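Participant:
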Amino acid sequence: MKRKRTNPVRYVFLCAVVIGIALIYIARLINLQFVSADNYRYVSEYTYTRTETVKAQRGEIFDRNGVPLVTNEYYYHILLDYGTIPADAAGFNGAVLSVVRMAEKCGETDRLTPPSYPLTEENGYLEFTEDYAPDGKYKSRLTRLLCDYEYGGSGLTDEKRKELAKVITPKELRDFLLVRYKLVDAEGNPLYSEKDTQILLERRFSMDTISFSPTNSYVFAEDVSMSFITLCAESGGKGIVTEKHSRRVYHYPGYASHILGRMGKITESTMDHYVALGYDLDEYVGVSGAEMIFEDYLRGVDGEITIVEDEYGNILSKTVTKEAIPGKDIRLTIDINMQIAAEDSLAATIRDIVKEAEAKPGELDGEDADAGAVTAISPATGEVLALASYPSYDLSTFADNVQELFNDERTPLVNRALNGLYPPGSTFKPGTAAASLSEGVINFDTIIVDNGVYTYYPDYQPRCWFYLMYNMAHGPLNVVGALQNSCNIFFFECGRLLTIEKLNEYCRGYGLGQATGIEYPEATGVLAGPDYVESSGLGSWGPGDTLQAAIGQSYNTFTPLQLSVYISTLTNGGTRYRAHLLHSVYDYASGECVFTVPSEVVSTMELTEQVVGQIKTAMQNVNENGSTARIFDNYPITMGGKTGTAQISKTSSDNGVFVAFAPLEKPEVVVSAVVEHGASGTPLGAVAKSIFDCYFGLDNENEQEQ
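Going by our numbering, 303 is the number at position 303 of the sequence shown; the sequence numbering is gapless.
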């Protein structure tokens with residue numbers, strides 16, 4: 001067998017390649033170690049590297065149709081940066097004066113932040129300002145600063161300096177600061193004009209009070225114009241930087257304030273929560289409404305950028321080390337046009353109630369009406385279409401009026417639609433009727449005679465409202481007639497036959513006294529019954545309590561949103577949906593929908609078409625022939641409604657309540673409205689009509705006709 005021969009040329013070539021590569025690396029190493037060493041040493045020793053946070057864009061808020069409600073607006077601050085401002089006194093002071101000069105040139109001295117300075121001159125005498133006086137709120141701050149300054153010499157203890165701080169005179173302090181900030185020469189002669197000296201004293205001291213440092217820049221001017229920013233850039237001033245911010249812009253000021261909510265600083269009570277989530281303590285977060293509830297969607301993730309500058313402050317490089325991730329946009333279920341209609345009509349109706357009551361003789365006719373709420377929801381999905389509370393407030397001016405709002409006895413910050421609890425009055429009767437029909441204690445032909453007084457119990461004989469007001473009785477009525485006339489006697493008997501246990505079983509199915517499931521904080525209300533009375537220490541439940549509960553009195557109190565959920569469940573055949581205000585979530589960058597909130601069934605109950613049909617017919621008759629007939633005269637949409645009145649006290653007008661739905665056959669929108677001390681539910685029909693007009697586009701038709 002022959003041995004395979006090797007090729008020496010191949011080995012020579014391979015060795016040459018290896019040696020060549022090795023020589024290249026050796027040459028590169030020599031270059032780094034000796035030839036370019038000075039360059040790299042320069043970069044290392046004479047450059048400054050800093051990391052800046054790139055604030056993530058907060059998600060924006062839209063209505064169900066994509067109409068912007070809350071968006072972001074950019075604005076800019078001028079800052080002095082510790083890392084790049086000249087270290088020498090002349091350069092430092094020059095940077096301070098440069099910003100003031102540019103503000104004067106742009107006519108924006110009002111944008112300069114107010115300085116914190118302890119001295120003032122009155123009638124030629126130098127004095128401490130009120131805040132820095134011996135009993136002033138900032139006196140301890142001055143003491144701390146004097147200790148930091150080593151006032152009195154380096155050999156003194158802090159305790160001794162604190163003693164000196166108590167007796168230092170205004171002139172002594174000023175003379176000390178002039179030297180500290182190098183505003184005078186060694187002989188005490190001024191180095192700057194009197195005006196510039198005062199500017200520098202105020203600004204340098206202000207910078208000391210905020211502990212100007214690498215981690216704490218000094219905000220010199222806020223919300224400046226682009227002209228100001230351009231001047232700063234062109235000046236090339238060292239240490240002067242521009243910082244970009246964003247703020248919320250409210251496209252419908254004064255509307256939907258309770259729904260949208262506001263931003264605020266992290267408070268002491270929420271500090272631990274947000275720190276655990278990775279927030280910085282100086283961040284702004286949602287503190288109410290959608291801003292708070294949907295914070296996790298709206299909040300973005302901040303990025304970082306590394307900036308390398310030379311010894312002169314020139315930027316050598318900028319590197320994004322962490323991309324900022326914007327928050328997500330959200331769409332709410334409300335229709336902003338319906339929201340406006342709800343708020344405007346509610347406010348107008350309350351004004352009209354007061355005006356008409358004041359024109360009448362007598363008292364307690366609604367002249368004390370001063371607050372209310374209205375809700376509109378889809379009975380097929382649980383989506384909230386409008387949610388209004390009166391009085392309200394303007395988010396765009398909240399900061400200016402915050403103390404006034406907190407002190408207002410009418411509590412405009414309270415969202416009455418979700419947290420106001422009101423007796424339902426006669427709006428409760430359709431629910432009692434549906435339960436009685438479903439359980440068979442009455443039928444469609446059952447006749448109950450109203451003689452004005454309910455006489456079943458010898459020791460408790462309540463009367464009908466009609467008898468109390470007019471000394472008359474309704475006479476024989478079936479269920480449709482009883483609802484149309486809102487006859488107490490008929491529903492007293494229904495309550496007795498039904499029992500409170502069975503009545504409340506249906507009420508819970510309607511959602512009365514139950515959480516609606518909405519994302520926001522809400523009151524659950526009170527469903528009157530033996531359990532509530534006993535747990536509240538109110539004694540025992542008696543037959544008379546059942547009679548009152550059956551007509552919406554007793555201890556029954558519900559939120560306006562619960563009333564809308566109740567009527568929705570009743571008119572859609574027994575399906576209770578979770579009420580919700582979040583419609584969908586969108587990616588900020590691409591605009592693509594991330595997800596849409598699905599309808600959620602909370603519970604179902606069996607209400608036959610015949611039962612629901614009878615209730616709808618009765619409520620239709622209320623609108624067409626009852627007290628609200630004038631409001632809905634010749635209305636093109638067939639609908640149903642029910643008024644309610646609930647006594648609150650003998651010294652104030654009754655509450656007015658109204659519920660309605662449309663269209664009659666297959667309801668698309670349900671409305672509930674309450675006016676505190678409104679005296680009657682009838683005027684609230686105008687509120688429902690305004691909302692229906694908007695929903696069905698009838699408001700546009702009316703405008704065109706005019």
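For glycine and all other residues, C-beta sits at the position ideal for the given N, C-alpha and C. Since the structure is predicted, the reported quantities are computational estimates derived from the model, not experimental observations.
1) Let's see if you can read the secondary structure: which residues bound the alpha helix (DSSP H) around Glu-304?
2) Which residues share a DSSP beta bridge with Asn-401?
3) Going by the DSSP bridge assignment, what does Pro-134 pair with across the sheet?
4) Ignoring anything shorter than 3 residues or poking outside the region 468-550, list the beta strand (DSSP E) runs there in chain order.
5) By alpha-carbon positions, which one of Ile-24, Leu-684, Glu-676 and Ser-235 ends up nearest to Ser-627?
6) Between the C-alpha atoms of Leu-395 and Gly-475, what's the straight-line distance to the nearest angstrom?
7) Near Ala-371, which residues of its chain fall below 7 Å by C-beta distance, leaving aside the five closest residues on each side in sequence?
8) Would you call the region 68-85 and the region 237-257 touching, i.e. three or more CB-CB distances under 8 Å?
9) Mind checking which residues open and close the beta strand (DSSP E) that includes Asn-72?
10) Using only the alpha-carbon positions, how far apart do Leu-223 and Val-320 sit?
11) Which runs of the alpha helix (DSSP H) at least 4 residues long sit entirely within the region 194-234? Give them in chain order.
12) Can you tell me where the beta strand (DSSP E) with Ser-246 in it begins and where it stops?
13) Whole-angstrom Cβ separation of Tyr-297 and Gly-327, contact assumed at under 8 Å?
14) Return the bridge partner residues of Gly-591 from the DSSP annotation.
15) Provide the residue(s) that pair with Val-671 in DSSP beta bridges, ordered along the chain.
16) If you compare alpha carbons, which of Glu-130, Thr-306 and Lys-429 is closest to Thr-643?
17) CB-CB under 7 Å to Thr-638, same chain, minus the five flanking residues each way: which ones, in chain order?
18) Provide the residue(s) that pair with Ala-646 in DSSP beta bridges, ordered along the chain.
19) Answer yes or no: do Arg-262 and Glu-295 have a C-beta to C-beta separation smaller than 9 Å?
20) Could you tell me how far apart the beta carbons of Gly-239 and Leu-80 are, in whole angstroms, since I believe they sit closer than 8 Å?
21) Please determine, among Arg-50, Ser-680, Gly-591 and Phe-398, the residue with the shortest C-alpha to C-alpha distance to Ser-217.
22) Give me the Cα-Cα distance between Val-611 and Glu-534, rounded to the nearest whole angstrom.
23) Got a sec? Which residues, its chain only, sit under 8 Å from Ala-629 by beta carbon, not counting five neighbours each side?
24) What is the rounded straight-line gap between the Cα of Ala-659 and the Cα of Val-687?
25) Secondary structure at Gly-425, three-state DSSP: helix, strand or coil?
26) To which residues of the same chain is Ala-95 closer than 8 Å at the C-beta, ignoring the five residues directly before and after it?
27) Run through DSSP, which three-state label would Gln-706 get?
28) With which residues is Gly-264 paired in a DSSP beta bridge?
29) In whole angstroms, what is the alpha-carbon distance linking Leu-563 and Gly-362?
30) Just to confirm my understanding: we take Tyr-117, look at its own chain, exclude 5 residues before and 5 after, and list those with CB closer than 8 Å. What are they?
31) Please state the DSSP three-state secondary structure of Glu-383.
32) Taking a contact to mean a Cβ-Cβ separation below 9 Å, would you say Thr-571 touches Val-670 in this structure?
33) In terms of alpha-carbon separation, which member of Val-594, Glu-493, Ile-447 and Gly-481 lies closest to Thr-617?
34) Check this for me: beta carbons of Tyr-25 and Leu-97, under 9 Å apart or not?
35) Does the region 531-551 come close enough to the region 443-451 that 3 or more CB-CB pairs lie under 8 Å?
Facilitator: With the structure as the only source:
1) Your numbering for residue 304 matches position 304 in the sequence shown. Note, Glu-304: premise wrong, no alpha helix (DSSP H); beta strand (DSSP E) at 303-310.
2) Indexing the sequence shown from 1 puts residue 401 at position 401. According to DSSP, which records beta bridges pairwise, Asn-401 is partnered with nothing at all.
3) Translated into the one-based positions of the sequence shown, residue 134 becomes position 134. Beta-bridge pairing by DSSP links Pro-134 to no other residue.
4) As far as the region 468-550 is concerned, its whole beta strand (DSSP E) runs of at least 3 residues are 475-477.
5) Position 627 of the sequence shown, counted from the first residue, corresponds to residue 627. Of the candidates Ile-24, Leu-684, Glu-676 and Ser-235, the one whose C-alpha sits nearest the C-alpha of Ser-627 is Leu-684.
6) One-based indexing of the sequence shown puts residue 395 at position 395. One-based indexing of the sequence shown puts residue 475 at position 475. C-alpha separation (whole angstroms): 54 Å.
7) Counting from 1 along the sequence shown, the entry for residue 371 is found at position 371. Excluding its 5 nearest sequence neighbours in each direction, Ala-371 has C-beta neighbours in its own chain below 7 Å: Tyr-390, Pro-391, Arg-410, Arg-416 and Glu-676, listed in chain order.
8) Taking 8 Å as the limit for Cβ pairs, the verdict is that the region 237-257 does touch the region 68-85.
9) Here residue 72 refers to the residue found at position 72 when the sequence shown is read from its first residue. It spans 68-80 - the beta strand (DSSP E) in which Asn-72 sits, taken as one unbroken run.
10) Position 223 of the sequence shown holds residue 223. Position 320 of the sequence shown holds residue 320. A small correction: the amino acid at residue 223 is Asp; Leu does not occupy that position in the sequence shown. Per the coordinates, the alpha-carbon of Asp-223 lies some 26 Å from the alpha-carbon of Val-320.
11) For the alpha helix (DSSP H) assignment, the uninterrupted runs of no fewer than 4 residues enclosed by the region 194-234 are, from N- to C-terminal side, 194-209.
12) Position 246 of the sequence shown holds residue 246. Segment 240-250, the beta strand (DSSP E) holding Ser-246.
13) Here residue 297 is taken as the residue at index 297 of the sequence shown, counted from 1. Here residue 327 is taken as the residue at index 327 of the sequence shown, counted from 1. Between Gly-327 and Tyr-297 the Cβ distance is about 7 Å, and since that is below 8 Å, they are a contact.
14) As a working note, residue 591 is residue 591 in the sequence shown. According to DSSP, Gly-591 bridges with nothing at all.
15) On the sequence shown, position 671 is the one that residue 671 refers to. Answer by DSSP bridge pairing, in chain order: Ala-376 and Ala-660.
16) Locating residue 643 in the sequence shown gives position 643, counting from the first residue. The shortest CA-to-CA distance from Thr-643 to any of Glu-130, Thr-306 and Lys-429 is the one to Lys-429.
17) Numbered from its first residue, the sequence shown carries residue 638 at position 638. Contacts found: Gln-620, Pro-663 and Leu-664.
18) In the sequence shown, residue 646 corresponds to position 646, counting from 1. Asn-655.
19) Residue numbering aside, residue 262 sits at position 262 when the sequence shown is read from its first letter. Residue numbering aside, residue 295 sits at position 295 when the sequence shown is read from its first letter. The criterion of a C-beta distance shorter than 9 Å is not satisfied by Arg-262 and Glu-295.
20) Counting from 1 along the sequence shown, the entry for residue 239 is found at position 239. Counting from 1 along the sequence shown, the entry for residue 80 is found at position 80. Yes, Gly-239 and Leu-80 are in contact; Cβ-Cβ is about 5 Å, under 8 Å.
21) Position 217 of the sequence shown, counting from 1, holds the residue named residue 217. Relative to Ser-217, the option among Arg-50, Ser-680, Gly-591 and Phe-398 whose CA is nearest is Arg-50.
22) Translated into the one-based positions of the sequence shown, residue 611 becomes position 611. Translated into the one-based positions of the sequence shown, residue 534 becomes position 534. Their backbone Cα atoms lie some 33 Å apart in a straight line.
23) Taking the first residue of the sequence shown as 1, we reach residue 629 at position 629. Hits under 8 Å: Asn-623.
24) Here residue 659 corresponds to residue number 659 of the sequence shown, with the count starting at 1. Here residue 687 corresponds to residue number 687 of the sequence shown, with the count starting at 1. Checking the displayed sequence, the identity of residue 659 turns out to be Val instead of Ala. Rounded to whole angstroms, Val-659 to Val-687 spans 10 Å at the Cα level.
25) The residue labelled residue 425 in the question sits at position 425 within the sequence shown. The answer is helix: DSSP assigns Gly-425 an H, G or I state.
26) What you label residue 95 is simply residue 95 of the sequence shown in a count that begins at 1. So the qualifying residues of the chain are Leu-80, Ile-85, Pro-86, Gly-237, Lys-238, Gly-239 and Ile-240.
27) In the sequence shown, the residue the question calls residue 706 occupies position 706. Bear in mind that the predicted position of Gln-706 carries a pLDDT of just 48, short of 50, making it unreliable; the figure below should be weighed with that in mind. In the structure shown, Gln-706 sits in coil (DSSP, three-state: anything other than H, G, I, E or B).
28) Here the question's residue 264 lines up with position 264 in the sequence shown. Answer is Val-285.
29) By one-based count along the sequence shown, residue 563 stands at place 563. By one-based count along the sequence shown, residue 362 stands at place 362. If you take the alpha carbons of Leu-563 and Gly-362, they lie about 31 Å apart.
30) As a first step, residue 117 is located in the sequence shown; it is residue number 117 there, counting from the start. Answer for Tyr-117: Thr-129, Leu-201, Glu-202, Phe-205 and Ser-206, listed in chain order.
31) Residue mapping note: residue 383 aligns to position 383 of the sequence shown, counting from 1. For Glu-383, the secondary structure class from DSSP, reduced to helix, strand or coil, is strand.
32) Here residue 571 refers to the residue found at position 571 when the sequence shown is read from its first residue. Here residue 670 refers to the residue found at position 670 when the sequence shown is read from its first residue. Less than 9 Å separates the beta-carbon of Thr-571 from that of Val-670.
33) Translated into the one-based positions of the sequence shown, residue 617 becomes position 617. Considering only Val-594, Glu-493, Ile-447 and Gly-481, the residue with the shortest C-alpha distance to Thr-617 is Gly-481.
34) As a working mapping, residue 25 is identified with position 25 in the sequence shown. As a working mapping, residue 97 is identified with position 97 in the sequence shown. Not in contact: Tyr-25 and Leu-97 (Cβ atoms no closer than 9 Å).
35) No: the two stretches stay apart, fewer than three of their Cβ pairs being nearer than 8 Å.
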